[in-house]
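Enquirer: In our numbering, the protein residues as written are 1 to 127.
The structure under discussion is supplied below as structure tokens; questions concerning it will follow.
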């Protein structure tokens, strides 16, 4: 058990294996988002780097496969991990998610591979 909600980065494939197909990337993001509720239900705060990076890219007039993408997607996750307490690494090949795990480990943060590994907060703690 933990005394405060953890900010947990959900890391998994987004662009990997999509060949830039917007529908495939949207499906990957949706898959990451399916982990958000279980993390929240365990008493924590889920966050996905793309929730931040994609609006940043749009505001720069760019998209997830454009020339700015690598300058925004990876650095956003790196900056976000500086505020996170843990990472939940979902299955699937992903250079970015692997970088997130490496960054988390360098910073001494726990890396979970299943929601069941994440410590649950008691109902009193979640109030």
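The beta carbon of each residue, even a glycine, is placed where N, CA and C say it ideally should be.
According to DSSP, what are the bridge partners of residue 9?
Expert: Sequence index remark: in the chain shown, residue 9 carries index 9 (1-based). The partner list for residue 9 (beta bridge, DSSP) reads 47 and 87.
Enquirer: Is residue 44 buried or exposed, if buried means 16 or more other CB atoms sit within 10 Å of its CB?
Expert: One-based indexing of the chain shown puts residue 44 at position 44. Flag for residue 44 reads buried.
Enquirer: I believe residue 35 touches residue 10 by the beta-carbon criterion, under 8 Å. Please report the beta-carbon distance rounded to the nearest angstrom.
Expert: Numbered from 1 along the chain shown, position 35 holds the residue referred to as residue 35. Numbered from 1 along the chain shown, position 10 holds the residue referred to as residue 10. The pair is a contact, with the Cβ atoms about 5 Å apart (cut-off 8 Å).
Enquirer: Is residue 74 helix, strand or coil by DSSP?
Expert: Taking the chain shown and counting its residues from 1, one reaches residue 74 at position 74. In this structure, residue 74 counts as helix in the three-state DSSP scheme.
Enquirer: Taking all protein chains shown into account, decide if residue 89 is buried (16 or more other Cβ within 10 angstroms of its Cβ) or exposed.
Expert: In the chain shown, residue 89 corresponds to position 89, counting from 1. Around the Cβ of residue 89, a 10 Å sphere holds 16 or more other Cβ atoms; the residue is buried.
Enquirer: With 16 other CB atoms within 10 Å as the buried threshold, where does residue 19 fall?
Expert: Residue numbering aside, residue 19 sits at position 19 when the chain shown is read from its first letter. So residue 19 ends up on the exposed side.
Enquirer: For residue 60, I'd like the list of residues in its chain whose CB is within less than 8 Å of its CB, leaving aside the five on either flank, ordered along the chain.
Expert: The residue given as residue 60 occupies position 60 in the chain shown. Excluding sequence neighbours, residue 60 sits near 68 and 72.
Enquirer: Which residues in the same chain have their Cβ closer than 6 Å to the Cβ of residue 118, if we skip the five residues on either side of it in sequence?
Expert: Here residue 118 is taken as the residue at index 118 of the chain shown, counted from 1. Correct list, in chain order: 42 and 112.
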